[in-house]
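A short write-up of the structure that comes next.
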Amino acid sequence: MLLLLALGWFDTAQAFVVTISPGARMVYLRVGNGVFTGNYSSGGTPGRGGAINKVSVTVPAAVLGNGADQVMTTDATQANSSYDGFAFCNVPAQIYVGGFYRLPGSTGTATLTATAPAAGLSNGAGSTIPFSQISWTSSGNNDTGAQPILAGTFTGGPQTLASFPVNTWRESCHTFRYANDAVVASGTYTGQVVYTLSAP
């Protein structure tokens with residue numbers, strides 16, 4: 001089950017993981033902007049939809065291929081947690097990734113994966129950039145502990161990003177970087193990564 005589209009703050013210094021009450025089976029994932037009526041902590045309801053957000057960077061010709069990481073920005077506009085409304089991420093520098101897995105019982109785990117095309121990013125004229133040139137760091141405002149959705153690098157295929165134990169809400173903010181390790185042909189390179197939160 002997948003809803004591509006879910007955030008928060010603890011009053012103690014740690015990463016944002018919240019135990020939620022058991023309830024009807026539901027898997028909810030928000031990547032960037034999403035749909036949520038109200039906040040989860042006050043009885044809000046998740047929805048379907050939201051735009052597919054982009055992260056992008058324009059590499060100046062003077063530094064092209066010099067190996068200096070280029071920080072990417074996002075067109076996502078939602079920075080606040082759908083859990084409690086706290087300003088958890090900093091847009092446009094970060095993109096929100098989070099959600100929850102809920103069941104009536106207390107046993108089970110959902111898995112968050114990201115799938116980047118093996119073909120890489122393409123400029124539409126025959127040139128490509130491997131998705132492994134894109135990495136991310138993970139944080140959140142007021143967080144100091146290890147993030148529930150860790151930092152990493154795309155592999156150009158499916159990869160596991162995190163586990164969501166049943167009846168937990170988990171969220172992180174990702175800041176993306178382009179490694180800029182090679183001189184590539186000019187153009188706009190595009191590709192789409194699909195995030196999936198799935199449960200047995």
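Heads up: the sequence shown begins at 1 in the UniProt record's numbering, then just goes up one per residue. Beta carbons: idealized from backbone N, C-alpha and C, even for Gly.
Pick from the options: whose alpha carbon is nearest that of residue i?
{"i": "residue 183", "options": "170, 116, 67", "result": "67"}
{"i": "residue 171", "options": "139, 72, 62, 106", "result": "139"}
{"i": "residue 161", "options": "178, 136, 75", "result": "136"}
{"i": "residue 191", "options": "166, 145, 115, 120", "result": "120"}
{"i": "residue 74", "options": "32, 27, 187", "result": "32"}
{"i": "residue 94", "options": "72, 110, 108", "result": "72"}
{"i": "residue 81", "options": "56, 18, 108, 106", "result": "18"}
{"i": "residue 159", "options": "88, 112, 90, 57", "result": "112"}
{"i": "residue 106", "options": "169, 165, 122, 34", "result": "165"}
{"i": "residue 122", "options": "79, 16, 186", "result": "186"}
{"i": "residue 63", "options": "193, 200, 180", "result": "180"}
Residue i and residue j look like a contact to me (Cβ under 8 Å); what is the Cβ gap, rounded to whole Å?
{"i": "residue 189", "j": "residue 97", "result": "Their Cβ separation, rounded to whole angstroms, is 22 Å, which puts residue 189 and residue 97 out of contact at 8 Å."}
{"i": "residue 83", "j": "residue 134", "result": "That pair is no contact at about 27 Å."}
{"i": "residue 157", "j": "residue 118", "result": "5 Å"}
{"i": "residue 197", "j": "residue 29", "result": "4 Å"}
{"i": "residue 45", "j": "residue 37", "result": "5 Å"}
State the beta-bridge partners of residue i as determined by DSSP.
{"i": "residue 98", "result": "30, 171"}
{"i": "residue 87", "result": "80"}
{"i": "residue 195", "result": "114"}
{"i": "residue 121", "result": "129"}
{"i": "residue 107", "result": "None, per the DSSP bridge assignment."}
{"i": "residue 190", "result": "122"}
With hydrogens ignored, establish whether the beta-carbon of residue i is closer than 7 Å to any heavy atom of the ligand SAM.
{"i": "residue 142", "result": "In terms of ligand content, the structure shown is empty, and the ligand SAM therefore cannot be addressed."}
Quiz prompt | Stretch-stretch touch, CB-based, cutoff 8 Å, three pairs: the stretch 45-55 with the stretch 113-133 | solution = no
Quiz item: Any contact of the stretch 102-117 with the stretch 21-40, i.e. 3+ C-beta pairs under 8 Å?
Solution: yes
Exercise. List in chain order: all unbroken beta strand (DSSP E) runs of 3+ residues lying wholly within the stretch 4-78.
Key: 17-19, 26-31
Self-check item: Contiguous beta strand (DSSP E) assignments of at least 3 residues, all confined to the stretch 125-180
Solution: 134-139, 158-165, 168-178
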